[in-house]
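Take a look at the structure set out below.
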């Protein structure tokens, strides 16, 4: 049996003999924990859920979203974009608030939920955290409004053209209906019969064309409606818990107590070893 091994009974004897050292170390560590808990700047965390805007009427095979999910994630992490967000919120880009904003900004993509982006950011107050999260979404929406304007203008021009074509076709059908006078059997000539047949064919074609244009118009109106065309926005209001995230009182005191016990035990063991060697 090796003589330098320490058993629990030996450790208990050391602690009972050098308890003053144990208590002193624990008190020092708890005092440091208290100082850290009160001197450290408090931080709150805001969470926002971003829905990427889309234009329902796009070229076949093209993503209706204003900007792909991965590109949006990259944009949100660009330094110029973050600077614009901070300026819009009234903060200098090199301030402590800005540094915390850049360091704490986290993006969690949710591709199967919209897609959505869950954004979290920290600040030194609840109001400040909410303002920064809102400013981020507002800045992104402003950029997406410019991007979607081209597709939206094209879709609206297409709808206006369909409306004009429909009015013209309905006017042509009305003229053909007026021209389609019934021909009596006794007075009918071959030319009158041919004209009546031609007008009948033209009316049928116009009816089919009007039906197709009305269907196209209905589809365009549905695609440009709020269910398929909408701007980038927050799905729900920004959420900021009442409790701070840093420093966490329970976690801070738990770590401090655990560290104090460990260091206090170590100090008593070292003190006991020195006493035996002396």
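Residue numbers (my numbering): 582 to 859.
We put the CB at the ideal spot given by N, CA and C, even for glycine.
Contact defined as beta carbons within less than 8 Å: I believe residue i pairs with residue j. What is the distance between those atoms, to the nearest angstrom?
i: residue 716; j: residue 679; result: About 12 Å; that fails the 8 Å criterion.
i: residue 826; j: residue 703; result: 7 Å
i: residue 634; j: residue 812; result: 4 Å
i: residue 608; j: residue 844; result: In fact, because the Cβ distance is near 11 Å, the residues do not count as touching under 8 Å.
i: residue 787; j: residue 750; result: 6 Å
i: residue 723; j: residue 819; result: About 17 Å separates the two Cβ atoms, so there is no contact after all.
i: residue 736; j: residue 801; result: 7 Å
i: residue 622; j: residue 693; result: Between residue 693 and residue 622 the Cβ distance is about 37 Å, and since that is not below 8 Å, they are no contact.
i: residue 733; j: residue 636; result: 5 Å
i: residue 628; j: residue 699; result: 7 Å
For residue i versus residue j, is the C-beta spacing smaller than 7 Å?
i: residue 614; j: residue 837; result: yes
i: residue 753; j: residue 794; result: no
i: residue 657; j: residue 690; result: no
i: residue 626; j: residue 719; result: no
i: residue 757; j: residue 779; result: no
i: residue 661; j: residue 667; result: no
i: residue 710; j: residue 821; result: yes
i: residue 846; j: residue 602; result: no
i: residue 743; j: residue 798; result: yes
i: residue 697; j: residue 624; result: no
i: residue 712; j: residue 683; result: no
i: residue 653; j: residue 728; result: no
i: residue 817; j: residue 630; result: yes
Tell me residue i's beta-bridge partners as DSSP assigns them.
i: residue 693; result: The partner list for residue 693 (beta bridge, DSSP) is empty, contrary to what the question assumes.
i: residue 698; result: 631 and 690
i: residue 703; result: 626
i: residue 601; result: According to DSSP, residue 601 bridges with nothing at all.
i: residue 646; result: 635
Taking only heavy atoms of the ligand GTP into account, decide whether any of them is closer than 6 Å to the Cβ of residue i.
i: residue 845; result: With respect to small molecules bound, the structure shown includes none, and the ligand GTP cannot be examined in it.
So, helix, strand or coil for residue i, using DSSP?
i: residue 629; result: strand
i: residue 824; result: coil
i: residue 814; result: strand
i: residue 767; result: Because residue 767 sits at a pLDDT of 49, beneath the cut-off of 50, its placement in the model cannot be relied upon, and the point is left open.
i: residue 844; result: helix
i: residue 676; result: coil
i: residue 837; result: helix
i: residue 801; result: helix
i: residue 855; result: helix
i: residue 681; result: helix
i: residue 660; result: helix
i: residue 809; result: coil
i: residue 653; result: helix
i: residue 666; result: helix
i: residue 819; result: coil
i: residue 582; result: Because the pLDDT of residue 582 is 43, which lies under 50, any placement of that residue in the model is unreliable, and the number read from its coordinates should be weighed accordingly. The answer is coil: DSSP assigns residue 582 none of H, G, I, E or B.
>> In chain order, what are the residue ranges of uninterrupted alpha helix (DSSP H) at least 4 long that sit wholly in the stretch 696 to 756?
In response: You should have found no qualifying run.
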